[in-house]
Amino acid sequence: MENRKKNIYSLIAILTALIFAFATGKDDGIPTTGMAKSMCQEFIKKSLKSPKSAEFSSITETRIIELEKGPENYTFQVTGYVDAQNSFGAQIRTNYICKIGSSKGTDNWQLIDLKM
C-alpha cells in the first residue's frame, strides 16, 4: 500500500511538471505571429473612437504573414477587420492591414504601416 501511494504521488508530480512545461511554452525572445496580432490590435485600438467596443476578427479570419524572419529583426503583416462603434454609436466594420516589426529579445514593437 505504501509503495502504491509513492507511485501515485510520483506520477502526479511528473504529470504536473509536464503540464507546467508545455503550458508555459518556450520563451526564446523570438517575436511570434500571435504577438504580432496582439500588438497590431493595440495599435488599432489607439486609432478608434471607442476602443472598448472593439471586436477583432477571429484567428481563422485573420491573415498573418511573416515578411522578414531574423536572425535579429522580424516583420509581420496582419490583415483582418475590427468591429467598433463610431462617434455616433453605430457598430462599423473596418478592414485593416497592419505592418509591424520587432527585434529578437525585446518587447519593443514598431508600427511600420497601418491602413484602415
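Numbering (the working numbering), first residue to last: 1402 to 1517. Just so you know, even glycine gets a beta-carbon here, dropped at the ideal spot from N, CA and C.
Sheet register partners of residue i (DSSP bridge)
{"i": "alanine 1485", "result": "Ile1493"}
{"i": "threonine 1480", "result": "Arg1464, Ile1498"}
Whole-angstrom C-beta distance between residue j and residue i, which should lie under 8 Å
{"i": "lysine 1438", "j": "glycine 1471", "result": "That belief does not hold up - the Cβ atoms of lysine 1438 and glycine 1471 are roughly 19 Å apart, past 8 Å."}
{"i": "proline 1432", "j": "tyrosine 1475", "result": "4 Å"}
{"i": "lysine 1450", "j": "serine 1488", "result": "5 Å"}
The alpha helix (DSSP H) enclosing residue i, as first and last residue numbers
{"i": "glutamate 1443", "result": "1434–1447"}
Short Cβ contact (9 Å threshold) for residue i with residue j
{"i": "glycine 1481", "j": "phenylalanine 1457", "result": "yes"}
{"i": "isoleucine 1493", "j": "phenylalanine 1477", "result": "no"}
Where the beta strand (DSSP E) containing residue i begins and where it ends
{"i": "lysine 1516", "result": "1510–1516"}
{"i": "lysine 1470", "result": "1464–1470"}
Burial state of residue i, where buried means 16 or more other Cβ atoms lie within 10 Å
{"i": "lysine 1447", "result": "exposed"}
{"i": "lysine 1500", "result": "buried"}
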